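Asker:
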Amino acid sequence: MKPFEYERAADAAGAIATLTREAPRAMYLGGGTNLVDLMKLGVAAPELLIDVSHLPHDRIEPLADGGLRIGAAVSNSALAADRTVRARYPMLAQALLAGASGQLRNLATVGGNLLQRTRCSYFTDVSKPCNKREPGSGCPARDGDHRNLAILGHSEACVATHPSDMAVALVAIGSLVHVEGPGGARTIPLPGLHRLPGAAPQRDTVLEPGDLITAVELPPLPLAARSRYRKVRDRASYAFAVTSIAAALELDDDGTVRDSRIAFGGLSHVPWRALAAEEELRGLPATEASFARAADAELAHAQPLRDNGFKVPLARNLLVRTLAELAAEQGARA
Amino acid sequence: MSATVAGGRAIGTPTDRIEGREKVTGAARYAFEHAPENAAYAWIVQSPVAKGEIHSVDGSAALERPGVIAVVSVENAPRLAAVEEAELHVLQSRTISYRGQIVAVVVADSLEAAREAAAHVRVDYREQEHHVLLDEHDPAIYDPGRVNAGYPADSILGDVDAALAQAAAQVDVVYRTPAFHNNAMEPHATVASWDGDELTLYDSNQGASRVRDVIADVFELAPEQVRVISPHVGGAFGSKGTPRPHVVLAALAARMTQRPVKLAVTRQQMFAFTGYRTPTIQRLRLGAGADGRLTAIVHEAIHQSSRLREFTEQTTIATRQMYAAPNRRSTHRLARLDVPTPSWMRAPGETPGMYGLESAIDELAVELGIDPVELRIRNEPELDPERGVPFSSRNLVACLRLGAERFGWEERDPTPAVRRDGRWLVGTGVAASTYPAYRSPATATARANADGTFVVRIAGSDIGTGGRTALTLIAADALERPLERVRVEIGDSALPRAGLAGGSMATASWGTAVTFACRALLEQLQEHDGTVPAEGLEAFADSTDDVRATDQGYSRHAYGAQFAEVRVDADTGEARVSRLLGIFAAGRIINPKTARSQFIGGMTMGISMALLEESVMDREFGDYLNHDLAGYHIAAHADIGALEADWIEEDDAHLNPMGSKGIGEIGIVGTAAAVGNAVHHATGVRVRELPLRLDRLLAST
Ligand SMILES: Cc1cc2nc3c(=O)[nH]c(=O)nc-3n(C[C@H](O)[C@H](O)[C@H](O)COP(=O)(O)OP(=O)(O)OC[C@H]3O[C@@H](n4cnc5c(N)ncnc54)[C@H](O)[C@@H]3O)c2cc1C
Ligand code: SF4
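Sequence lines, in order, name chains H and X. Under this note's numbering, the first sequence has 53 at position 71, and the numbering climbs by one with no breaks. Offset between the second sequence (1-based) and this note's numbering: plus 1425.
In structure tokens form, the structure reads like this:
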């Protein structure tokens, strides 16, 4: 174990100043449920941890436009239990509850969850090469173990997936990530925070050194009240997604699709917003045939690897079933 | 042979685990929690290459780190005596036989310092190309002659080829099981300290006497110079049956540094050097008449072992006694690869073997259109079909019948893939369980104190099974005294010598010695007219003669039947076991409360094996790459639906004074087949490879 210093940040400005000054030897610490694990494995070796989990970013506040502002230090448990979230963005509460375990969710923060790193087994084993951990060392997953890695948007350099459930729902909702950094404050719309691996898989996101996530803003999105999250996994609980979907559906009176929001987890280096499927669906009758057409539109560019081709029919089935269930609910209500 | 079966009052009474309170309050101390004064900490350095030679080990950079006391490797390790198990010959050779092999150990004042310094030990290797995948076409596969537990590799009766050619119905299938890792809750750990030439080990193991003997051999000491203490053990499942290399390492490091040394194996390291169940490739051929009577049974299994040790899982042994058939062939073959050495894991042999056999029997039932419960009943042998001797007791048919009734098997429509409950395809399946009733010699003392209490001593071990409690019940009955007056001491090699908590024979073996010691004590008491003198009375017993005299004219096994209901998501292929019922016949049940836990624990592990568990070999680097509990999936609560275990009481006078058979392992035997058979009934598709992962099922739904 490497010795490191620990500092509890008193305010955001101070934390940002310290980190900007000390990067790359310093890192922010949220609940620590991912970073501390990676430190134990030798994957991350910060010399200074700046604990941002006690900053006053621990509130969930309604916004004037009807949206919701969630502090970056809000725990995954608190967010999942929030009444407004449960009523108006059920897919977000469901995604959170599908992740990790009760104890972990009590510690895990919104900021940390967005920035958790891939579970690719080469990435977490420092005795093996990995471009994400050690740029240029190679990607053994491509010819090795990749059953649970990407089918969309991967590169020669990296085929990893982003493991977060919460982020999939946030991406479907089209949330905004509030960031403060050395150059001031800015917002990053989701999708847009996470990046595809390309030639630089060591960079998971577009954040720059010193950037602190302070909040996530959910836009008012009436159709999100009719949404759900479905996670497919090897084990019934306490396992990362093999493939997951966050979906919201709004029908017109004639039973055609007025609007939808669809995002996949477990398929790519980023939480994958299925814009092609959403586009395809608009105006189509809410039938399984239409949903299948939408899925095919999205998955047409899938590039499965030797052992993860099953994710294509899996994602397709998941999209069809989830939208069919949402449509049936609305049919019942109408 | 002890012809009478005792039937006391304590035996058969559901009794709480004696040390339960200590365990749940944290008062019970496990090996690593022992902290001798001035203890140092050891951290293991492992080979990142799977095959090759160590060119040099340079510990100088590590030694410069603060707090580091020693770096021990092949360069400076003292010579150890070669013992049968080559894995224990640690740091003695430059040859690397598998990735993750121990190449050095760093000793420091703190765990953190040792671990940090371990990263600075420089080892140079001459790497060679490795071969780590088990493949039935590997030309190096050979016949090991004998397999574990001393069985001959091959057993051939009659003419199977002729019988198969003439059979009205035939099944010819290949089943595959992956490698599995035991993953006990408490990882292996040892605290070693020397006092002159005397070695004390606090260690997590399945039998203190065995660890003492082996370690004494390695260090060329008399057994009396080694003391092994292990009052509480947090699970083992076979992986702590013999000392693993870390025990030797802890003792060696302590000797070199003249400090007590604490050494805990990490979860990741458990995937390299503490053992695992070999993967298997099993070909099964069954031939039967139209009436369902088997005419031929062929079961051929291929396994792997390391270059260090010939370890052959006894996969097809159960097939030798399960069903009647005049023509039979069961064989074992082995491939030696550049992989870690496999070892024992809960019901070694029976677990993978009965998965193959009981799946093939189900396939035959479908082929013949005969109910699978009925098919098994029709093939019930009268005598052990290969040994020709009677069974001491055998209630497989009773288990099948009772299970079928409880489960509601009668109403089952055999047609596959026709039941739907919302998104789920639903099916049911059955399989048989079996496990041999062994016994090993043991010694024990029983002591009467003047205050009316009794102390029974035996070097048994309680690995979480409730063994201590069972022995207390046995002793209370043998002494004809209430439970509260009897204390049983175990978990220390200074106690009378005893064998392992393994092979489901612990209670039968130790219980025999305990019963004899207690009976001898009662006789002494009688001689004293029932009054205990101030200094107390003590009796000693050795069961060796009784065990050796065991009547070889009987075939002794426990049996069971498991019934599973499985749901498979039609869109995603996710499989869940919604219901599992096991009915067992395992002699007299000593403590119904802990026995139930053993049965349902085994069944839970069986569900886990069927649906989730697999150690994935990394072809490029040569290790098991999902080497932690995030990657190696063990059933979580949500994976287990309604789980029920019950039993048929047997009265068997050909076993031991208690009339008991082992119960620790049979629960896992057959579960995976019952689940797989139910998956076929649900989906209409046979997946002949474990685990029944969603990607394998997705292709089928
Ligand atoms: C056993 C296990 C199972 C799990 N299962 C799941 C699962 O099924 N689904 C799932 O989605 N997740 C799962 N997780 C992951 C879990 O959700 C994450 O570990 C957690 O959300 C991370 O949050 P944290 O606050 O603990 O982050 P930390 O570990 O503290 O930090 C993670 C990263 O974010 C950075 N960071 C933290 N806060 C900020 C901030 N405000 N601004 C900028 N950077 C910041 C840190 O520097 C670090 O790089 C599992 C984790 C474990 C250990
Ligand atoms: S997929 Fe990415 S994270 Fe995994 S080994 Fe390749 S580069 Fe590393």
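Here a beta-carbon is modelled for each residue, glycine too, at the ideal position from N, C-alpha and C. The model shown is predicted, which means the values in this text are computed figures rather than measured ones.
Along chain H, which residues have their Cβ under 7 Å away from the Cβ of X:Arg2118?
Answerer: The residue labelled residue 2118 of chain X in the question sits at position 693 within the second sequence. Here the neighbours are Asp216.
Asker: When DSSP labels each residue in this structure, what does H:Lys114 get in the three-state scheme?
Answerer: For the purposes of this step, residue 114 of chain H is identified with residue 132 of the first sequence, where counting begins at 1. Coil at H:Lys114, not helix or strand.
Asker: Here's a check: name, in chain order, each residue in its chain whose Cβ is nearer than 6 Å to the Cβ of X:Gly2145, leaving out the five neighbours to either side.
Answerer: For residue 2145 of chain X there is no data in the structure shown, the boundaries of chain X being 1426 and 2126.
Asker: Does the contact criterion of 3 or more C-beta pairs under 8 Å hold for the region 1494 to 1514 of chain X versus the region 1650 to 1660 of chain X?
Answerer: Too few Cβ pairs lie closer than 8 Å, so no.
Asker: Pick from H:Arg288, H:Lys110, H:His160, H:Leu200: whose alpha carbon is nearest that of X:Glu2045?
Answerer: In the second sequence, the residue the question calls residue 2045 of chain X occupies position 620. Nearest of H:Arg288, H:Lys110, H:His160, H:Leu200 to X:Glu2045, Cα basis: H:Lys110.
Asker: Buried or exposed, going by whether 16 or more other CB atoms sit within 10 Å of the CB of H:Pro204?
Answerer: Stepping through the first sequence from its first residue, residue 204 of chain H is reached at position 222. Counting Cβ neighbours within 10 Å, H:Pro204 comes out exposed, since fewer than 16 surround it.
Asker: If distances are taken between C-alpha atoms only, which option among X:Trp1849, X:Met1779, X:Phe1736 comes closest to X:Leu2091?
Answerer: Within the second sequence, residue 2091 of chain X is the residue found at index 666, counting from 1. Per the sequence shown, residue 2091 of chain X should be read as Ile rather than Leu. When each option's Cα is compared against that of X:Ile2091, the closest is X:Met1779.
Asker: Cβ of X:Asn2051 within 7 Å of any heavy atom in ligand 1?
Answerer: To locate residue 2051 of chain X, count along the second sequence from 1; it is residue 626. No, ligand 1 has no heavy atom inside 7 Å of this Cβ.
Asker: For chain X, is any of its Cβ atoms less than 8 Å away from the one on H:Asp127?
Answerer: Position 145 of the first sequence holds residue 127 of chain H. Yes, H:Asp127 lies at the interface with chain X (some Cβ there is under 8 Å from its Cβ).
Asker: If you run the structure through DSSP and keep just helix, strand and coil, what is X:Phe1988?
Answerer: Along the second sequence, read from residue 1 onward, the residue named residue 1988 of chain X stands at position 563. In this structure, X:Phe1988 counts as strand in the three-state DSSP scheme.
Asker: Run through DSSP, which three-state label would X:Asp1967 get?
Answerer: By one-based count along the second sequence, residue 1967 of chain X stands at place 542. Here X:Asp1967 sits in strand by DSSP.
Asker: Taking a contact to mean a Cβ-Cβ separation below 8 Å, would you say X:Ile1899 touches X:Ile1443 in this structure?
Answerer: Looking up residue 1899 of chain X in the second sequence gives position 474. Looking up residue 1443 of chain X in the second sequence gives position 18. Not in contact: X:Ile1899 and X:Ile1443 (Cβ atoms no closer than 8 Å).
Asker: By the DSSP assignment, the beta strand (DSSP E) with X:Gly1477 in it spans what residues?
Answerer: Numbered from 1 along the second sequence, position 52 holds the residue referred to as residue 1477 of chain X. Unbroken beta strand (DSSP E) run through X:Gly1477: 1477 to 1483.
Asker: DSSP has X:Glu1914 in a bridge; who is on the other side?
Answerer: To locate residue 1914 of chain X, count along the second sequence from 1; it is residue 489. X:Arg1882, per the DSSP bridge assignment.
Asker: With respect to the beta strand (DSSP E) encompassing X:Asp2071, which residues constitute its N-terminal and C-terminal limits?
Answerer: If you number the second sequence from 1, residue 2071 of chain X lands on position 646. Its beta strand (DSSP E) spans residues 2065 to 2072.
Asker: At a Cβ threshold of 8 Å, is H:Tyr211 touching chain X?
Answerer: Sequence index remark: in the first sequence, residue 211 of chain H carries index 229 (1-based). For H:Tyr211, the answer is no, since every Cβ of chain X falls outside 8 Å of its Cβ.
Asker: Would you check if the distance between the CB atom of H:Leu134 and the CB atom of H:Leu249 is smaller than 8 Å?
Answerer: The residue you call residue 134 of chain H lines up with position 152 of the first sequence. The residue you call residue 249 of chain H lines up with position 267 of the first sequence. Yes, they are a contact pair.
Asker: What whole-angstrom Cβ distance do X:Ala1529 and X:Val1482 have, given they're in contact under 8 Å?
Answerer: The residue you call residue 1529 of chain X lines up with position 104 of the second sequence. The residue you call residue 1482 of chain X lines up with position 57 of the second sequence. Confirmed, about 6 Å.
Asker: Does the CB of X:His2058 have a neighbour CB from chain H at under 8 Å?
Answerer: Residue numbering aside, residue 2058 of chain X sits at position 633 when the second sequence is read from its first letter. Interface residue, yes.
Asker: With distances taken Cα to Cα, identify the nearest neighbour of X:Gly2012 among X:Pro1861, X:Pro1656, X:Leu1674.
Answerer: What you label residue 2012 of chain X is simply residue 587 of the second sequence in a count that begins at 1. Measuring from the Cα of X:Gly2012, the nearest candidate turns out to be X:Pro1861.
Asker: Under the criterion of a Cβ to heavy atom distance below 7 Å, does H:Phe105 qualify as lining ligand 2?
Answerer: Taking the first sequence and counting its residues from 1, one reaches residue 105 of chain H at position 123. True, at least one ligand heavy atom lies under 7 Å from that Cβ.
Asker: Does any C-beta atom of chain X lie closer than 8 Å to the C-beta of H:Phe292?
Answerer: Within the first sequence, the letter at position 310 stands for residue 292 of chain H. With 8 Å as the cut-off, H:Phe292 counts as an interface residue toward chain X.
Asker: From the beta carbon of X:Leu2005, is the nearest beta carbon of chain H less than 8 Å away?
Answerer: Counted from its first residue, the second sequence places residue 2005 of chain X at position 580. Answer no: the Cβ-Cβ gap between X:Leu2005 and chain H never drops below 8 Å.
Asker: I'd like to know if H:Ser250 contacts chain X, where contact means its C-beta is closer than 8 Å to some C-beta of that chain.
Answerer: Mapped onto the first sequence, residue 250 of chain H falls at position 268. Not an interface residue.
Asker: Identify every residue that forms a DSSP beta bridge with X:Gln1471.
Answerer: In the second sequence, the residue the question calls residue 1471 of chain X occupies position 46. Per DSSP, X:Ile1527.
Asker: Sort X:Arg2113, X:Gly2007, X:Gln2023 by Cα distance to X:Ile2073 and report the nearest one.
Answerer: As a working mapping, residue 2073 of chain X is identified with position 648 in the second sequence. It is X:Gly2007.
Asker: Once you ignore the five residues that flank X:Val1913 on each side, which residues in its own chain have a CB closer than 7 Å to its CB?
Answerer: Against the second sequence, residue 1913 of chain X aligns to sequence position 488. Closer than 7 Å at Cβ, skipping near neighbours: Val1881, Arg1893, Leu1896, Thr1897, Ala1900.
Asker: Just the Cα atoms here: how many angstroms apart are X:Asn1804 and X:Ala1750?
Answerer: Reading the second sequence from its first residue, position 379 is the one you call residue 1804 of chain X. Reading the second sequence from its first residue, position 325 is the one you call residue 1750 of chain X. Whole-angstrom Cα-Cα distance: 8 Å.
Asker: Should H:Tyr10 be counted as a contact of ligand 1 given a C-beta to heavy atom distance under 7 Å?
Answerer: By 1-based counting over the first sequence, the position of residue 10 of chain H is 28. H:Tyr10 Cβ: within cutoff of ligand 1.
Asker: Taking Cβ-Cβ distances below 7 Å as the criterion, which residues of the region 2026 to 2037 of chain X are in contact with chain H?
Answerer: Within the region 2026 to 2037 of chain X, the qualifying residues are Leu2037.
Asker: CB H:Thr66 to CB H:Pro44, shorter than 8 Å?
Answerer: The residue given as residue 66 of chain H occupies position 84 in the first sequence. The residue given as residue 44 of chain H occupies position 62 in the first sequence. Their beta carbons are under 8 Å apart, which means H:Thr66 touches H:Pro44 by this criterion.
Asker: Using alpha carbons as the reference points, say which of H:Asn299, H:Ala154, H:Gly180, H:Leu281 lies closest to H:Val214.
Answerer: In the first sequence, counting from the first residue as 1, residue 214 of chain H sits at position 232. Per the Cα distances, H:Asn299.
Asker: List, in chain order, every chain H residue whose beta-carbon is nearer than 9 Å to that of X:Ala1533.
Answerer: Here residue 1533 of chain X refers to the residue found at position 108 when the second sequence is read from its first residue. Here the premise fails: no neighbours, minimum Cβ distance about 11 Å.
Asker: Could you give the first and the last residue of the continuous alpha helix (DSSP H) run that contains H:Arg87?
Answerer: The residue labelled residue 87 of chain H in the question sits at position 105 within the first sequence. Here the alpha helix (DSSP H) through H:Arg87 covers 84 to 89.
Asker: Starting from the C-beta of X:Val1673, find all residues in its chain whose C-beta is less than 6 Å away, skip the five residues before and the five after it, and write them out in chain order.
Answerer: For the purposes of this step, residue 1673 of chain X is taken as the residue at position 248 of the second sequence. Result list for X:Val1673: Leu1513, Val1515, Val1643, in chain order.
Asker: Does the beta carbon of H:Val141 come closer than 8 Å to any beta carbon on chain X?
Answerer: The residue you call residue 141 of chain H lines up with position 159 of the first sequence. No - not a single Cβ of chain X is within 8 Å of the one on H:Val141.
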